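The structure appears below as structure tokens.
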Amino acid sequence: MHDKTLAELARGLAAGDFSSRELTSSLLERIKRIDPALNSFITVTDEQALKEADAADALRHKGEAGILSGLPLAYKDIFCTEGVRTSAGSKMLDNFIAPYNATVVEKLRHAGTVSLGKTNMDEFAMGSSNENSYYGPVKNPWNPKLVPGGSSGGSAAAVAAGLVPAALGTDTGGSIRQPAAFCGITGLKPTYGRVSRYGMIAYASSLDQAGPMARTAEDCAMLMNAMAGHDARDSTSVSRNVPDYTQGLNKPLNGLKIGLPVEYFGEGLAPEVETAVREAVRVYESLGAQVIEVSLPHTSMAIPAYYVIAPAEASANLSRYDGVRFGHRCKDPVDLEDLYKRTRAEGFGDEVKRRILIGTHTLSEGFFDAYYRKAQQIRRLIRQDFLDAFARVDVLMGPAAPTTAFELGAKADPVQMYLQDIYTIAINLAGIPGISVPAGLADNRPVGLQILGPHFGEAHLLNVAHVYQQATDWHQRRPEIKE
Amino acid sequence: MAIEHANVLRAAHLARLGVSDAQAERYVDDLSRILEMVDRLSEIDTEGVAPLSHPLDATQPLRADEAIEVDRRETFQSIAPATADGLYLVPRVVE
Numbered sequence: 001m002h003d004k005t006l007a008e009l010a011r012g013l014a015a016g017d018f019s020s021r022e023l024t025s026s027l028l029e030r031i032k033r034i035d036p037a038l039n040s041f042i043t044v045t046d047e048q049a050l051k052e053a054d055a056a057d058a059l060r061h062k063g064e065a066g067i068l069s070g071l072p073l074a075y076k077d078i079f080c081t082e083g084v085r086t087s088a089g090s091k092m093l094d095n096f097i098a099p100y101n102a103t104v105v106e107k108l109r110h111a112g113t114v115s116l117g118k119t120n121m122d123e124f125a126m127g128s129s130n131e132n133s134y135y136g137p138v139k140n141p142w143n144p145k146l147v148p149g150g151s152s153g154g155s156a157a158a159v160a161a162g163l164v165p166a167a168l169g170t171d172t173g174g175s176i177r178q179p180a181a182f183c184g185i186t187g188l189k190p191t192y193g194r195v196s197r198y199g200m201i202a203y204a205s206s207l208d209q210a211g212p213m214a215r216t217a218e219d220c221a222m223l224m225n226a227m228a229g230h231d232a233r234d235s236t237s238v239s240r241n242v243p244d245y246t247q248g249l250n251k252p253l254n255g256l257k258i259g260l261p262v263e264y265f266g267e268g269l270a271p272e273v274e275t276a277v278r279e280a281v282r283v284y285e286s287l288g289a290q291v292i293e294v295s296l297p298h299t300s301m302a303i304p305a306y307y308v309i310a311p312a313e314a315s316a317n318l319s320r321y322d323g324v325r326f327g328h329r330c331k332d333p334v335d336l337e338d339l340y341k342r343t344r345a346e347g348f349g350d351e352v353k354r355r356i357l358i359g360t361h362t363l364s365e366g367f368f369d370a371y372y373r374k375a376q377q378i379r380r381l382i383r384q385d386f387l388d389a390f391a392r393v394d395v396l397m398g399p400a401a402p403t404t405a406f407e408l409g410a411k412a413d414p415v416q417m418y419l420q421d422i423y424t425i426a427i428n429l430a431g432i433p434g435i436s437v438p439a440g441l442a443d444n445r446p447v448g449l450q451i452l453g454p455h456f457g458e459a460h461l462l463n464v465a466h467v468y469q470q471a472t473d474w475h476q477r478r479p480e481i482k483e
Numbered sequence: 001m002a003i004e005h006a007n008v009l010r011a012a013h014l015a016r017l018g019v020s021d022a023q024a025e026r027y028v029d030d031l032s033r034i035l036e037m038v039d040r041l042s043e044i045d046t047e048g049v050a051p052l053s054h055p056l057d058a059t060q061p062l063r064a065d066e067a068i069e070v071d072r073r074e075t076f077q078s079i080a081p082a083t084a085d086g087l088y089l090v091p092r093v094v095e
């Protein structure tokens, strides 16, 4: 059962081949057996999961089950889940039991899904390898010496290892797409504002977006149907009709115009990744697509702009962790300033501190114009690059990451780690959607093809990804897991 | 623009983040390399380009000014480090 897609499991439940309780118990047992070596979960909610599974089975018995009823999911530990620890991978929130559910959690619960627990992540979603977690690094199921990517590394590893058919992630600069690529699964970052951010612990609010991580584009579409939509509790969520993402998945790709950004195939791209991505593009050509070379001239500015904007927003967002209302508090503070300073020094890890310091510095008097204002101006130019490209082509394609998964500990220098996100970060600055789909294996390490579309083009992205998955079997490859 | 020891200590104080002198030294190194990378932004002429703070041309939706949340003080305070009589406790501020 652990090898099946959400769509297959939904059919199995509907046909009565197995119950949600049977499915849920079997996965919980698998997590117990396999996850100690992977560390993809921070919290497993066994009891609650079985209760939810029974409730879903009861609904089905009454003939009231929906398409997602009884399907198991996991949440990146950045989504608030009422009554369950929500740590954001940080010591700061190690004792934080969320008093409410994130809107997406509420929506997916309402749709009848069963939560197996909360997945590991880089602290406050800051990282590209999952090595920045207070709960220890996650291992890549394809090879335990490798990182799973980050920051949604736990979600990606759990899906790849067959511990759960799908999981939620968040993506601020590539945190869904890069781990999806490293672990050989499908991950969608929707358009900014398409999915509510309410109850999602904030990192950089103008960039953060939640999305599905699963085995196939079809599964992502099923989840998006339940996740997307306006939320009065998130004023940046967009009031715009939500299409049925599962309709139109099979639309033929005759005449599809694919743009290949020259900047995404330049220096720094590993040859084996380039080979796999170009082969995927050839598959699209054989399906009737037309390929055009395009340019995104400000690509090299995306990482510098991001490392001003994201830390600036983070430094403001993370000011709420003050040791007063929730979370960690230092012992025996002598005064208020000591309470704040020691609580935050003890509660945050190294990378989080670096970003708070950078953000505070660039926003401070005398530096604001040179950094923050400049970065926001360049953000507009980056967005314009994409708008210009989408005037000529329907989608853009390229690698999700410059290399396949690297070894744990291989990138000790923060700047080297940041450069990992060269192909993903501009997408968040522009607010457009992107999906990573498995497109090959190099030395038994998965390669991700990234497909980008214009704002609110996720239905089309899912269609383009799905048709590829009908023509290829990379998404069906599974790592060999020692049991 | 390089970052200096004093800048790090100033940022740490503004962010109420406890950083010792020795730690600040290490951050000077890390943050300098990050800012060196960020400094590439100055290669681009942005004269006349309006800053973009939000990726969509969205307008702020407004709703009626009505209380929609119920009082959940007890729940919220149950996860606080220290409370008494419905109040959050912090070290004495006024002697």
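Top line first, the protein sequences correspond to chains A and B.
To convert, note that position 329 of the first sequence is 329 in the UniProt record's numbering; the numbers rise steadily by one, no gaps.
To convert, note that position 72 of the second sequence is 72 in the UniProt record's numbering; the numbers rise steadily by one, no gaps.
Just so you know, even glycine gets a beta-carbon here, dropped at the ideal spot from N, CA and C.
Since the structure is predicted, the reported quantities are computational estimates derived from the model, not experimental observations.
query	result
Any chain A beta carbon closer than 8 Å to H93 (chain B)	According to the sequence displayed, residue 93 (chain B) carries Val and not His. It does: the Cβ of V93 (chain B) has a partner Cβ on chain A nearer than 8 Å.
Neighbour flag for H5 (chain B) against chain A, beta carbons, 8 Å	no
Test: D443 (chain A) CB closer than 8 Å to a CB of chain B	no
8 Å Cβ cutoff, V28 (chain B) in contact with chain A	no
For E407 (chain A): DSSP bridge partner residues	A:L146
Amino acids of chain E, ordered along the chain, whose beta-carbon sits closer than 9 Å to that of V238 (chain A)	In the structure shown, chain E cannot be found, because the protein chains are A and B.
Secondary structure of L256 (chain A), DSSP reduced to three states	coil
CB contact flag (Y198 (chain A), T275 (chain A), <8 Å)	no
Cβ shell of D338 (chain A) (< 8 Å), same chain only, five flanking positions each side left out	C330
Supposed close pair L71 (chain A), P165 (chain A) - CB separation, criterion 8 Å	7 Å
Exposed unless 16 or more other CB atoms sit within 10 angstroms - verdict on N225 (chain A)	buried
Cut-off 8 Å between Cβ atoms - residues of its own chain near residue 545 (chain A), not counting five sequence neighbours on either side	No answer is possible for residue 545 (chain A): it lies beyond the span of chain A, which begins at 1 and ends at 483.
For T343 (chain A) and D421 (chain A), the rounded distance between their alpha carbons	31 Å
Closest Cα partner of V281 (chain A) within the set A:R30, A:S235 and A:V467	A:V467
Partners in chain B for A232 (chain A), counting only beta-carbon separations shorter than 7 Å	R63
E293 (chain A) - containing beta strand (DSSP E), residue span	Q290 to V294
Beta-carbon spacing of L287 (chain A), A459 (chain A) below 8 Å	no
Where the alpha helix (DSSP H) containing K374 (chain A) begins and where it ends	K374 to F390
Chain B contact residues for G323 (chain A), given Cβ-Cβ distances below 7 Å	P81
In DSSP terms, what K118 (chain A) is bridged to	A:T43 and A:Y75
Sequence-distant residues of the same chain with beta carbon closer than 6 Å to A314 (chain A), five excluded per side	Y203, A204, R355 and G359
For V294 (chain A) and V127 (chain A), the rounded distance between their alpha carbons	According to the sequence shown, residue 127 (chain A) is Gly rather than Val. Taking the straight line from one Cα to the other gives about 30 Å.
Within chain B, the residues that P99 (chain A) reaches when beta carbons sit closer than 9 Å	R72, T75, F76, S78 and I79
Exposed unless 16 or more other CB atoms sit within 10 angstroms - verdict on Q416 (chain A)	exposed
Interface residues of chain B facing T246 (chain A) [CB-CB closer than 7 Å]	Under the 7 Å cutoff, chain B gives no residues; its nearest Cβ is about 25 Å from T246 (chain A).
Length of the line joining the Cα atoms of L408 (chain A) and G136 (chain A)	11 Å
CA nearest to the CA of R92 (chain B), picked from A:V393, A:L461, A:D332 and A:I435	A:D332
I378 (chain A) Cβ short of 7 Å to the ligand SAH heavy atom set	In the structure on display, the ligand SAH does not appear, and there are no ligands present to speak of.
Per-residue contacts from S32 (chain B) into chain A (C-beta, under 9 Å)	None at all; the shortest Cβ gap to chain A is about 10 Å.
Chain A residues whose Cβ lies nearer than 7 Å to that of A11 (chain B)	L357, T360, H361 and S364
Presumed contact (8 Å Cβ cut-off) between L462 (chain A) and Y245 (chain A), rounded CB distance	6 Å
Integer Cβ distance of L163 (chain A) from S40 (chain A), believed to fall under 8 Å	7 Å
Short Cβ contact (8 Å threshold) for A370 (chain A) with T404 (chain A)	no
Residues of its chain near I435 (chain A), where Cβ-Cβ distance is below 6 Å and the 5 sequence neighbours each way are ignored	L188, I451, L461 and A465
Residue from A:I34, A:H2 and A:V277 with nearest C-alpha to E22 (chain A)	A:H2
Assigned exposure category for S53 (chain B) - 16 Cβ within 10 Å defines buried	exposed
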